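Numbered according to this note's numbering, the sequence shown terminates at residue 1604, and the numbering increases by one at each position without gaps.
We put the CB at the ideal spot given by N, CA and C, even for glycine.
Computed from a predicted model, the values in this text were never measured in an experiment.
Working notes, beginning with the structure itself.
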Amino acid sequence: TVSADGLTYTFDLRDDVYFSNGDLMEASDVVYSWCRVLGYGSPDSHVGWILEQSFDCNDADGNHDDNGGASFTVNSATSFSVTLFAQSSAFISTIAYTVGAVINAELCEENRVDAGGENDDYCHEWMDEAPFGAGTNAYLVQSWVREDRLVLVPNWMYWEAGDYNINRHTVSIVTEATTRLLAFTDGEVDFGSINIEDLVNFCENLEDKPNVISKDGYICSYRETFTTTLSAFNLHPKALDAGEDNTNTDANSSLILNHDCDGDGSNDCSVMEVGAVRAAISYAFDYETHRRDTYDNSLAPQYGPIPTGFLYADTQYETFTYNLAYAEQLLEDAGFIRQYDCTSLTRSEAPVVVAEGDRDGTECRLPNVLGVMANEGNDYRIAMAGQLAEALGTIGVATAGDAKPWAEYLTMYYTRTWDIRFSGWAPDYLDPDNYWSPFAGGHSIGGDAYGTGYENSDVNDALVIGRTSQDDDTRRQAYEDAFAAWILDPNMIIIGQYNGVGVKHDDICSPPYAAIGSAHWFDYDKLPMVNGALVGSC
1067 TVSADGLTYT FDLRDDVYFS NGDLMEASDV VYSWCRVLGY GSPDSHVGWI LEQSFDCNDA
1127 DGNHDDNGGA SFTVNSATSF SVTLFAQSSA FISTIAYTVG AVINAELCEE NRVDAGGEND
1187 DYCHEWMDEA PFGAGTNAYL VQSWVREDRL VLVPNWMYWE AGDYNINRHT VSIVTEATTR
1247 LLAFTDGEVD FGSINIEDLV NFCENLEDKP NVISKDGYIC SYRETFTTTL SAFNLHPKAL
1307 DAGEDNTNTD ANSSLILNHD CDGDGSNDCS VMEVGAVRAA ISYAFDYETH RRDTYDNSLA
1367 PQYGPIPTGF LYADTQYETF TYNLAYAEQL LEDAGFIRQY DCTSLTRSEA PVVVAEGDRD
1427 GTECRLPNVL GVMANEGNDY RIAMAGQLAE ALGTIGVATA GDAKPWAEYL TMYYTRTWDI
1487 RFSGWAPDYL DPDNYWSPFA GGHSIGGDAY GTGYENSDVN DALVIGRTSQ DDDTRRQAYE
1547 DAFAAWILDP NMIIIGQYNG VGVKHDDICS PPYAAIGSAH WFDYDKLPMV NGALVGSC
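Structural data, given as structure tokens:
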């Protein structure tokens, strides 16, 4: 139930949910779990913003309280209440994501390191090993190796009747596309990430993807998703200090200050803080070619943070197109003329300025090299990064970068040692603010999940209205206002919305595809093969 002022939510829970070790789940476990997310601060994943935007767990003195503080009340073993900072149009959706998952509070406390101290880990090390008894879900983690392999087995406290379909799920992370293809073709795996160009081995009529036809032995299906492909800009890039390793999360780094933003004659910011630079980069990206060719028409146009199919997607319109002449003019008009010896450019050191009389038009416009980043195993991001780097080079913007292993890619993200980063966003909860705030909302309003350092007051003001208002017309106007401000000062390239074809072996039964969420392992089934024929049906 919700209070008359829209701030206090009261939840009544089932009384028959158990953790995998047999402990009964109670309301106090929910409160503890949510407060644990806020207390720990999600330093690696940064997903804490999903809860942090709605409530805190502080006591009257402003100190964190593991058991809820002033915002929470445990009414009984099966009921609790939480009071939000402000009305939220998406609160229920936010807590349905994994960040709102409930863990066993008693076991967490027993395995917590330095509780209340400087090195309080909120039982993170224990939880990191997916221990027995921690959760209530349908499957348990039997074993796992980070960035390599995960094995799931049934949780008997969930499947009391023993009516589970699959008794073992094995998930392997394989970055090499050819290896994934061979494993799927040989039947070593039942389904996986298959590159678009390889689908022809299993599917027909791919030129008309919504009407794709499966070849014998496979099931091909068209899927419209809310997954956004994008490239984020870092407004406050850093360079690693001499001798540091970019695989070291504790690496020392220094801000790159190569532009005079306040006009006092000294460099006090990065060129990436200049809106014209980011706009120019946006116009140097070849949107249509990548949607059509790189993604083989599996990427639908998306003109702003909200994908088609979400509320208020029609508040956006096409603004950025591939226009190198305009991109170069934006740089010229902003004072970034061709003046630097391109061979002298580094990540952060001072460039060599070519004497005006010696310039021949091949000089570079920006004083340092921009770092363009993609991750290994994603050929599409690598191709897009390559095109953008080449295009920027033609208008006098030097770049550097190559595909990074995922661990190194994440480390560079956390240490902010990048300028342009190709990535994606799968929705965490079903509301337009789930795209707007993490994409373009400033850290000051709980946004900026990509760590761009972007703070646009006009965008922020509109987004606060959009996520708090309960009125449809007011929300629509807020997102229109946010878009109008953002296109003048973009902090990322929004490339498209993935609509493509998935393939699996024909003995695999799975629930209808849902754009929100991921693979629901407990709903999968596998038909037996008897005398060379499948028995049963999905």
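According to DSSP, simplified to helix, strand and coil, what is F1351?
F1351 falls in the coil class under three-state DSSP.
Can you give the beta carbon distance from N1231 to D1497, rounded, assuming they're within the 8 Å contact cut?
The C-beta distance from N1231 to D1497 rounds to 32 Å, too long to meet the 8 Å contact threshold.
Excluding the 5 residues preceding and the 5 following I1372 in the sequence, name in chain order all residues of the same chain whose CB lies nearer than 8 Å to its CB.
Y1378, A1379, T1381, Q1382, P1498, Y1501, W1502 and Y1545
In the DSSP output, what is H1325 paired with across the bridge?
C1335
If we ignore side chains and look at the alpha-carbon of each, how far apart do A1342 and P1493 end up?
Spanning the two alpha carbons is a distance of roughly 29 Å.
Apart from the five residues just before and just after D1362, which ones in its own chain have a Cβ nearer than 6 Å to its Cβ?
I1262.
If we ignore side chains and look at the alpha-carbon of each, how far apart do H1325 and G1519 end up?
16 Å
Could you check whether D1407 and E1422 sit closer than 9 Å to each other, using their CB atoms as the reference points?
no
Ordered along the chain, which non-local residues of its own chain (more than five positions away) have a Cβ less than 7 Å from that of A1449?
Hits under 7 Å: T1360.
For the beta strand (DSSP E) holding D1605, just list the boundary residues, first then last.
This structure leaves residue 1605 out entirely; the chain is present only between 1067 and 1604.
Taking the alpha-carbon positions, what's the S1259 to R1425 distance?
Roughly 49 Å between the two C-alpha positions.
Kindly indicate the opening and closing residues of the alpha helix (DSSP H) around E1398.
L1390 to D1399
In three-state terms, what does DSSP make of W1210?
strand
Would you say C1101 and D1131 are within 9 Å of each other, going by their C-beta atoms?
yes
Just to confirm the assignment, what range does the beta strand (DSSP E) spanning C1286 have?
Residues Y1284 to F1299.
Under a Cβ-count criterion, where at least 16 other Cβ atoms within 10 Å of its own Cβ denotes burial, should D1468 be classed as buried or exposed?
Exposed: under 16 other Cβ atoms inside 10 Å.
Classify D1591 as helix, strand or coil using the three-state DSSP reduction.
strand
List the endpoints of the continuous alpha helix (DSSP H) containing M1478.
W1472 to T1481
Given this structure, state the Cα-to-Cα distance separating T1295 from A1464, to the nearest angstrom.
24 Å
CB L1206 to CB D1089, shorter than 9 Å?
Result no, Cβ atoms of L1206 and D1089 do not sit closer than 9 Å.
By how many angstroms is the C-alpha of W1225 removed from the C-alpha of N1526?
46 Å
Kindly list the residues whose CB is nearer than 8 Å to the CB of P1417, restricted to its own chain and excluding five residues on each side of it in sequence; keep chain order.
For P1417, the CB contacts under 8 Å within the same chain, skipping 5 residues up- and downstream, are Y1406, D1407, S1410, L1411, C1430, P1433 and N1434 in chain order.
Enumerate in chain order the residues of its own chain whose CB-to-CB distance from G1566 is below 6 Å, with the five nearest sequence positions on each side excluded.
S1364
Which residues does DSSP list as the beta-bridge partners of A1366?
Looking at the DSSP assignment, A1366 forms a beta bridge with Q1563.
Under a three-way DSSP split, which group does G1437 fall into?
strand
Mind the definition here: the segment 1297-1306 touches the segment 1322-1338 only if three or more C-beta pairs lie below 8 Å; say whether that holds.
yes
Could you tell me the distance, in whole angstroms, from the CA atom of D1352 to the CA atom of T1385?
13 Å
Whose C-beta lies closer than 7 Å to the C-beta of H1112 among residues of the same chain, with five residues either side of it excluded?
Excluding residues up to 5 positions away in sequence, A1515 lie with their Cβ nearer than 7 Å to the Cβ of H1112 in the same chain.
Could you give the residue range of the beta strand (DSSP E) that holds L1173?
Note, L1173: premise wrong, no beta strand (DSSP E); alpha helix (DSSP H) at A1171 to E1176.
Measure the C-alpha to C-alpha separation of I1559 and S1297 and round it to an integer number of angstroms.
For I1559 and S1297, the distance between alpha carbons rounds to 5 Å.
Nearest CA to the CA of D1547: which residue from P1556, G1532, I1561 and S1154?
G1532
Measure the alpha-carbon distance for M1193 versus A1200 and round it to whole angstroms.
7 Å
Quick check for students: name the residue ranges of the alpha helix (DSSP H) that lie wholly in the segment 1096-1120, counting only runs of 4 or more.
1115-1118
Within a Cβ cutoff of 8 Å, which residues of the same chain sit near P1471, ignoring the five residues on either side of it in sequence?
T1241, N1441 and E1442
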